[in-house]
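Residue numbers (the working numbering), protein chains in the order written: chain A, 1 to 391; chain R, 1001 to 1056.
Positions of the beta carbon are idealized from the N, C-alpha and C atoms, including for glycine.
Here the structure comes first, spelled out in structure tokens, and everything after it is commentary.
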């Protein structure tokens, strides 16, 4: 560890590692820190990603792909199934990852590109100078260190503190978060499709998922909207589902976590500081998917850091480009998803059934998600009136 | 006047940290620390997926 770097990245998830790798490849002096003593563990993720999103950043590798799925099935509260196939609706399915291996592979890429990596190293605060962030206070093995940097990238996840320390309000209201529980289950027939179960009985204000990880293993979990959650509800609803629907399943791992579903927040950058991924609340408000967005954000953040370091200007003069670029790209789909989320929240289970029934007889299996939503809007004009302008 | 964390239930996921309006919670490796700025609002207890938090 040195006293000073061009860039310090806090958090070695996909967003942080891609940011660190991008900076290092651009010739910057980078430090990537991870508070845990292991990278990629514990997993707090359902592990589903789209193929096209992933390929933008890394070549698929069988060491960290558990399963390639054929597509996805959305299951209405009354059991009506809608099949959507991969290739067409790329947002919905693709691979189920092995995050423990995937995250480590990304951190390794950052390291191979020249980034310094430190595990068991936690940011405990930020250093400030003349109204700008200029480094971090860190704790490594119980010892405190001040480490300077021209730019700090906060990639510290759902529990992010870096933004708050930098004066950016990232606090989520209960309606801005899905609280989730998941089991890695075995002794089941996992099938070839990712499954999404809708309805208040499964997951109020969210959904229940099954992502195949192998022939006989899958991630089975659910997320419920924070505003509908009561103490311990996520886990107890999941246990109820397992008892009723998968009595023979055996649980090999328990995963819990919170997923931001706020849509774009007002600010994700300030002088000397950028936020990426869950720390910037960049996960999708409907699907909860955040890996690809975090990687996209990490790439943009890295590129902007390279420019800023060349210019020797670490203020918003140069960092504004980060805000502009992510909002102009995947930020737009986050805004659309937020509208869809708010609309879905108003629907009763009967209305969700009605929507599913209106697709019976339509071959939506090869359509993109927007195309399917368009059909839904045409067939259910009253219910989906607000959605007309979205697609 | 604070939040009690049941360490035996806590899955150290950090969901509570993200919703704490007072910034009073922090996830450190495998445990949650509660600072004195806690206002007993109880949001964290409702959000916790495993029910590990209790407002005293």
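For residue 257 of chain A, the closest Cβ of chain R is nearer than 8 angstroms. DSSP places residue 276 of chain A outside both helix and strand once states are collapsed to three, so it counts as coil. Closest in C-alpha terms to residue 124 of chain A, from the list A:11, A:223, A:209 and A:46, comes A:11. Below the 8 angstroms Cβ cutoff, chain A contributes 231 as neighbours of residue 1045 of chain R, in chain order.
Residue 1015 of chain R belongs to the set of residues whose beta carbon lies under 8 angstroms from a beta carbon in chain A. Cβ contact annotation for residue 1039 of chain R (same chain, cutoff 6 angstroms, sequence separation greater than five): 1022, in chain order. Between residue 14 of chain A and residue 295 of chain A the beta-carbon gap is near 5 angstroms, inside 8 angstroms, which marks them as a contact. With fewer than 16 other Cβ atoms from the protein chains shown falling within 10 Å of its own Cβ, residue 59 of chain A counts as exposed. Residue 265 of chain A carries a coil assignment under DSSP once its states are collapsed to helix, strand and coil.
At a C-beta separation below 8 angstroms, residue 44 of chain A has these neighbours in chain R: 1013 and 1014.
Excluding its 5 nearest sequence neighbours in each direction, residue 135 of chain A has C-beta neighbours in its own chain below 6 angstroms: 127, 147, 148 and 149, listed in chain order. When 7 angstroms is used as the limit between beta carbons, residue 161 of chain A is near these residues of chain R: 1026, in chain order. Assignment of residue 25 of chain A by DSSP, reduced to helix, strand and coil, places it in the helix class.
Annotation for residue 145 of chain A: the continuous beta strand (DSSP E) segment containing it runs 143-154. The beta carbon of residue 1019 of chain R sits closer than 8 angstroms to some beta carbon of chain A. Against chain A, a Cβ distance below 9 angstroms from residue 1029 of chain R picks out 35, 36, 37, 120 and 122. Judged by DSSP secondary structure, residue 1017 of chain R falls outside any beta strand (DSSP E) and instead within the alpha helix (DSSP H) spanning 1015-1019. Proximity of the stretch 209-223 of chain A to the stretch 182-197 of chain A meets the contact definition, three or more beta-carbon pairs being nearer than 8 angstroms. Neighbours of residue 158 of chain A in chain R, taken as residues whose beta carbon is under 7 angstroms from its own, are 1014, 1015 and 1018 in chain order. Sorting A:186, A:163 and A:331 by C-alpha distance to the C-alpha of residue 269 of chain A places A:163 at the top. Of all C-beta pairs linking the stretch 1046-1053 of chain R to the stretch 229-244 of chain A, three or more are shorter than 8 angstroms, placing the two stretches in contact. Using a Cβ-Cβ distance cut-off of 8 angstroms, the stretch 281-293 of chain A and the stretch 326-344 of chain A are in contact, since at least three pairs of beta carbons, one from each stretch, lie closer than that value. Distance from the CA atom of residue 39 of chain A to the CA atom of residue 21 of chain A, rounded to whole angstroms, is 15 angstroms. When Cβ pairs closer than 8 angstroms are counted between the two stretches, the stretch 309-326 of chain A is seen to touch the stretch 257-269 of chain A, the count reaching three or more. Checking the DSSP bridge columns, you'll see residue 1012 of chain R has no partner listed.
Inside the stretch 21-79 of chain A, DSSP marks whole alpha helix (DSSP H) runs of 4 or more residues at positions 51-55, from first to last along the chain.
Each residue's CA atom was taken as its position, placing residue 108 of chain A and residue 16 of chain A some 12 angstroms apart. Our two residues, residue 351 of chain A and residue 343 of chain A, have alpha carbons roughly 11 angstroms apart in a direct line. Straight through space, the alpha carbons of residue 238 of chain A and residue 1009 of chain R are spaced by roughly 16 angstroms. In the DSSP assignment, residue 378 of chain A falls within the alpha helix (DSSP H) that extends over 369-379. Under the Cβ distance rule, residue 171 of chain A counts among the residues neighbouring chain R, one pair being separated by less than 8 angstroms. Taking a C-beta distance under 8 angstroms as the contact criterion, residue 260 of chain A and residue 338 of chain A do not qualify as a contact pair. The three-state secondary structure of residue 4 of chain A, taken from DSSP, is strand.
Counting along the chain, residue 305 of chain A sits inside the alpha helix (DSSP H) bounded by residues 291-311. Taking 8 angstroms as the CB threshold, residue 235 of chain A lines the interface with chain R. Not flagged as an interface residue toward chain R: residue 242 of chain A, since no C-beta distance is shorter than 8 angstroms.
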